[in-house]
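What follows is one structure encoded as structure tokens, with my remarks underneath.
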Amino acid sequence: MKLNFLGILGYVFVFNTVCDYTDSLLGCFPQLKESCRTFITEGRDLVSKIKQDNAIITSESKSTIRSILNIPKALSSCVYAGRYEDALELIQNVTELEKQLGHLQIFKEVMTEVGLQRDAILDYCLGQMESDLTVAACLKVVSFLRRLGVYSEAELRFKFLHARDVWFQSMLNAEKPTDSLASVCQMVEVHRLHLFDVVTQYRAVFPDEDPVFITMTSLTKKHANVVLSAILGSWILDKINRFLKSLIDYLNDDRVLENLDSVLSQCMYFGLSMGRIGADFRLLMVPVFENVVLRAVQSRVEIASSKYLLTVALEKHTLTHHTFRLKEKMKFSKTFIANNDYADAAAARSTAPEDPAASAAAAVSQPPSILLKYTELAVYCNEVLQALNKVRNCLPLKLACQISSILEEAFCSVLTCLNEKLENDRNYQAEDAKRDLLNFGIVFVNDFLCFINTCLEVLFPSKSLADAIGIPLSKFSQLVRH
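Numbered per mature numbering (1 follows the signal peptide of the UniProt record, and there is no 0), the sequence shown spans residues -24 to -1, 1 to 458.
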């Protein structure tokens, strides 16, 4: 009885195990059913594709299929040999075939290899545009880029200017002379020659008046033309601003300041030549040179005044009979009117003897000889004249008031110092010393200042100032007197 009970329990355990496995197997049937359905669907699709490929293969000759498969190799050979016209023609043919056979996997692989060769042609074209090119070469390279169809019209223009700018910067960064004057002249010459070339090439490649090139779909034709035309204008403006910034840096050099008239004439010629492409920017350079001229005059006059004030403080302006004999032999290091173009121009403007500019030019040819009695004053006069001589060929009439104010401020400081010294030493100096100091003040006011005023008349003729203001010369003279 006991043995039968144990056997029954064993049978029950086995039965339960079999039931569990059966239930597990029944649970897998839906997944198996779904997998079978998927297999059937994919099999049908595969059979359909095979039938489609077989239909294409049977409809086309074997030679045509072989030609399609050989396109990447032929394209690579054309690119390697430099036959870019043939390569672009192949790419265009493959692009047309892609519309019909693009769904085939084997043709997708062909297009991948064709894309690599297209990138190689693109790199070649961009590299060519970064080198020295003629207008004909630019037209050819841009035609390649258009046939590639990689860029829109606006993007193509940006790429062209960017590539030409890389070449332009390489010309600017070429080996520069060590001399700052030669370096700035070279910079101006490079800008003058190559900016004009780049703009000429751009306008030959992208004629804005041709409606074929206006393809921007999001804008009207009129607005598209304005936007595309602004690309070149913005690039030119950027180049001009960079040029002005570099010019300002060069003009801070003393070597360049000594030849400011030469640099000015070359820069103005450059600005005038840019007028051929509608970009005459001479007016933008005027403030630059005005500031340089003012700084140069002010710096030199301030240095000369500081040195002279130091001599006044050390009482070196007094004279003795012995030193007077030595100082009589002193000659002015540079007379203001020597080779002065302003004086020649003033004398040529009118032959009338009452012309103030002509009379001033004649009067300024030699400083007053009485200044030789005071060595320090003669030196001071020379230094002031040198400051004016350095910029006399670059002085516009606009700076007349500023230059006069600079000189007036410097001379007032000298006179103030003399007055203070006279007041402070009134009770301690001998009568002869006081007399010498008073005589010196008289010479400073009546001779030195009058001479400088005559020099200013040569630099800024009254007739020219009156014409610039737009009033008669007689009225201008009355205004000056008042």
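Don't be surprised by glycine CBs; every beta carbon is placed ideally from N, CA and C.
Environment of residue i [buried if 16+ CB atoms lie within 10 Å]
i	result
residue 360	buried
residue 108	exposed
residue 356	buried
residue 4	exposed
residue 12	exposed
residue 368	buried
residue -14	exposed
residue 437	buried
residue 8	exposed
residue 431	buried
residue 112	exposed
residue -4	exposed
residue 63	buried
residue -7	exposed
residue 385	exposed
residue 343	buried
residue 394	buried
residue 57	exposed
residue -19	exposed
residue 354	buried
residue 51	buried
residue 433	buried
residue 330	A caution first: residue 330 carries a pLDDT of 44, below 50, which makes its placement in the model too unreliable to give a value.
Proximal residues to residue i (C-beta, below 8 Å), its chain only, five neighbours per side dropped
i	result
residue 48	86, 89, 90 and 93
residue 60	54, 97, 100 and 120
residue 73	44 and 83
residue 378	270
residue 264	220, 223, 224 and 227
residue 193	Caution applies to residue 193, whose pLDDT of 40 falls short of 50 and renders its modelled position unreliable; the model cannot decide the point.
residue 398	410, 413, 414 and 417
residue 450	none
residue 151	none
Cut-off 6 Å between Cβ atoms - residues of its own chain near residue i, not counting five sequence neighbours on either side
i	result
residue -10	none
residue 453	none
residue 148	166
residue 177	111 and 114
residue 255	212
Beta carbon of residue i nearer than 9 Å to that of residue j
i	j	result
residue 216	residue 257	yes
residue 261	residue 220	yes
residue 67	residue 137	no
residue 269	residue 375	yes
residue 229	residue 160	yes
residue 76	residue 164	no
residue 428	residue 387	yes
residue 240	residue 212	no
residue 284	residue 396	no
residue 273	residue 364	yes
residue 129	residue 236	no
residue 145	residue 153	no
residue 366	residue 233	yes
8 Å contact criterion, which residue i and residue j should meet: CB distance rounded
i	j	result
residue 435	residue 383	Not quite, the Cβ-Cβ distance comes to about 11 Å (not below 8 Å), so this is no contact.
residue 105	residue 139	4 Å
residue 97	residue 134	The Cβ separation is near 19 Å, so there is no contact.
residue 389	residue 281	6 Å
residue 253	residue 175	5 Å
residue 114	residue 181	5 Å
residue 423	residue 347	6 Å
residue 156	residue 231	5 Å
residue 246	residue 168	4 Å
Contacts around residue i, its chain only, beta-carbon distance under 7 Å, and the 5 residues preceding and following it disregarded
i	result
residue 448	442
residue 440	373
residue 143	106, 107 and 108
residue 338	The predicted position of residue 338 is uncertain, since its pLDDT is 48 and thus under 50; a value taken from the coordinates is nonetheless stated next. Here the set comprises nothing.
Near the ligand PLP: residue i beta-carbon under 8 Å from a heavy atom
i	result
residue 388	Ligands are entirely absent from the displayed structure, and the ligand PLP is therefore not among its contents.
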